[in-house]
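2 protein chains.
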Amino acid sequence: MSMSFSKEKPPVKTKDMLIGALLRVPAEAILRRLIGELNAAGFEGLSLPHMAVLRFPGPDGVRPGVLAERAGMSKQAMNRLLGSLEDLGYVVRSGAPSEGRARIVRFTKRGRAAYVKEVEILRGIEREWSAELGPRDFARLKLLLGRVWDSPLVR
Amino acid sequence: MSMSFSKEKPPVKTKDMLIGALLRVPAEAILRRLIGELNAAGFEGLSLPHMAVLRFPGPDGVRPGVLAERAGMSKQAMNRLLGSLEDLGYVVRSGAPSEGRARIVRFTKRGRAAYVKEVEILRGIEREWSAELGPRDFARLKLLLGRVWDSPLVR
DNA sequence: CCTCTATGGTAAACTCTGTTTACTACCAGA
DNA sequence: TCTGGTAGTAAACAGAGTTTACCATAGAGG
Numbered sequence: 666m667s668m669s670f671s672k673e674k675p676p677v678k679t680k681d682m683l684i685g686a687l688l689r690v691p692a693e694a695i696l697r698r699l700i701g702e703l704n705a706a707g708f709e710g711l712s713l714p715h716m717a718v719l720r721f722p723g724p725d726g727v728r729p730g731v732l733a734e735r736a737g738m739s740k741q742a743m744n745r746l747l748g749s750l751e752d753l754g755y756v757v758r759s760g761a762p763s764e765g766r767a768r769i770v771r772f773t774k775r776g777r778a779a780y781v782k783e784v785e786i787l788r789g790i791e792r793e794w795s796a797e798l799g800p801r802d803f804a805r806l807k808l809l810l811g812r813v814w815d816s817p818l819v820r
Numbered sequence: 666m667s668m669s670f671s672k673e674k675p676p677v678k679t680k681d682m683l684i685g686a687l688l689r690v691p692a693e694a695i696l697r698r699l700i701g702e703l704n705a706a707g708f709e710g711l712s713l714p715h716m717a718v719l720r721f722p723g724p725d726g727v728r729p730g731v732l733a734e735r736a737g738m739s740k741q742a743m744n745r746l747l748g749s750l751e752d753l754g755y756v757v758r759s760g761a762p763s764e765g766r767a768r769i770v771r772f773t774k775r776g777r778a779a780y781v782k783e784v785e786i787l788r789g790i791e792r793e794w795s796a797e798l799g800p801r802d803f804a805r806l807k808l809l810l811g812r813v814w815d816s817p818l819v820r
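Protein sequence lines, in the order shown, are assigned to chains A and B.
Numbering-wise, the working numbering puts 815 at position 150 of the first sequence, and it's gapless, one number per residue.
Numbering-wise, the working numbering puts 678 at position 13 of the second sequence, and it's gapless, one number per residue.
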């Protein structure tokens, strides 16, 4: 599944860019890179849809329905994702609901390692951005995005 | 106490957030809103995949293959998207390639109106963000994202 | 104690969207 | 003229998600 963008920069003035593209393009670039590096690091089989599960704050100890809600998808879709992740050896789900208990998703060792690696990759990306923009400006960027996060704008 | 991503804020410290989520979440929120408002404004039928065509700098006067490249998808997939957009009355493609000329995508009136509306919606979102963050900080945010855009980080 | 209802999970059919594979048409250059 | 490259198209296929429907459990009220 190639999400690759064009390889050249469009001949566009930055000041014309609207906030939509300014956020979307780097966000997608990060996601592509995350998946690529995860696979390259030996965590094979992980693809874009799996990221809906692996992303912060992670699925460990959480019920499938909650994960579905977080990811903004149906329980059924999430369930298949979890089945896939289970087949790949990244998570396990506790016993069937017929036993009366709610199911709980748990990381396997491999799953936890993948999650740790994911955070590492993101930290690496942050270091690169920090080097490119300068530490002060990168910190400012994160701070501003944090204020957006805390605001009602994104809900 | 389920913490839903879409309706409530997760109990998370902003400083723990990594750049991936900080960009992804608002980018997705904007996209959802864009599609919703476009539909509500009478531009029915437009869905998420169509946004790969309608997004800046727009398809007008461009060949299908170039649009495919821009969107990071195969020419076949783009072609079907364009067929869909054509059925919905937003674009037209010039005569078949058997006629020896390269096909060119053109907006219909409706298509151009949708594109104009899209920019309007985005400008509206920018105004809201500007009000929330303050004009100076919003300008700073766009400037910083522009520097990311211009850097090799996102390619 | 029994039923009714809400909740959580599961399963199958369907739909949408993209890729892969393969084909046709035109064009420019040896 | 032949040949390789470009542009577009078509059909088969794969995947990912939703809808519809169903089962099991737990808790509340009669």
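Every residue gets a Cβ at the ideal spot worked out from N, C-alpha and C, and that includes glycine.
Residue-level contact to chain A via CB, residue i, 7 angstroms cutoff
i                 : result
Ser816 of chain B : yes
Phe708 of chain B : no
Leu683 of chain B : yes
Pro691 of chain B : yes
Glu751 of chain B : no
Glu791 of chain B : yes
Leu787 of chain B : yes
Ala717 of chain B : no
Met666 of chain B : Confidence in Met666 of chain B is poor, its pLDDT being 33 and thus under 50, which makes the residue's placement unreliable; the coordinate value appears in the next sentence. Answer no: the Cβ-Cβ gap between Met666 of chain B and chain A never drops below 7 angstroms.
Ala694 of chain B : yes
Glu797 of chain B : yes
Val727 of chain B : no
Val781 of chain B : no
Per DSSP, cross-strand counterpart(s) of residue i
i                 : result
Phe721 of chain B : For Phe721 of chain B, which the question treats as bridged, DSSP gives no partner whatsoever.
Arg771 of chain B : B:Val757
Val727 of chain A : A:Val770
Interface flag, residue i vs chain B, CB-CB below 7 angstroms
i                 : result
Phe772 of chain A : no
Arg758 of chain A : no
Leu809 of chain A : yes
Val819 of chain A : yes
Ala804 of chain A : no
Leu687 of chain A : yes
Leu703 of chain A : no
Arg697 of chain A : no
Arg648 of chain A : Because chain A spans 666 through 820 in this model, residue 648 of chain A falls outside it and cannot be assessed.
Segment limits, alpha helix (DSSP H) that includes residue i
i                 : result
Arg788 of chain A : Lys774 to Leu798
Lys740 of chain B : Lys740 to Asp752
Val690 of chain A : Ile684 to Ala705
Chain-order list of residues whose beta-carbon lies under 6 angstroms from that of residue i (same chain, five-residue window excluded)
i                 : result
Ser759 of chain A : Arg768 and Ile769
Ile786 of chain A : Leu699 and Glu702
Leu776 of chain B : Position check: residue 776 of chain B holds Gly in this sequence, whereas Leu was assumed. These residues qualify, in order along the chain: Tyr755 and Val756.
Gly723 of chain B : Tyr780
Met666 of chain B : Annotation note: pLDDT 33 at Met666 of chain B (below 50); position unreliable, coordinate value reported separately. Correct list: empty, nothing qualifies.
Phe803 of chain A : Trp794 and Ser795
Chain-order list of residues whose beta-carbon lies under 7 angstroms from that of residue i (same chain, five-residue window excluded)
i                 : result
Val757 of chain B : Glu751, Arg771 and Thr773
Asn704 of chain A : Leu711
Ala796 of chain A : none
Asn826 of chain A : Because chain A spans 666 through 820 in this model, residue 826 of chain A falls outside it and cannot be assessed.
Ala706 of chain B : Lys782
Leu753 of chain A : Gly710
Cut-off 8 angstroms between Cβ atoms - residues of its own chain near residue i, not counting five sequence neighbours on either side
i                 : result
Ala778 of chain A : Phe708
Met668 of chain A : With a pLDDT of 40 at Met668 of chain A, under the threshold of 50, the modelled position of this residue cannot be trusted, and the question is left open.
Val819 of chain A : Val813
Val781 of chain B : none
Gly799 of chain A : none
* Is there contact between the stretch 804-818 of chain B and the stretch 680-697 of chain A, where contact requires at least three CB pairs shorter than 8 angstroms? -> yes
* Contact between the stretch 745-757 of chain A and the stretch 788-800 of chain A: three or more CB pairs below 8 angstroms? -> no
* To do: For the stretch 764-774 of chain B and the stretch 715-730 of chain B, state whether three or more C-beta atom pairs, one from each stretch, are separated by less than 8 angstroms.
  => yes
* To do: Mind the definition here: the stretch 734-742 of chain B touches the stretch 689-696 of chain B only if three or more C-beta pairs lie below 8 angstroms; say whether that holds.
  => no
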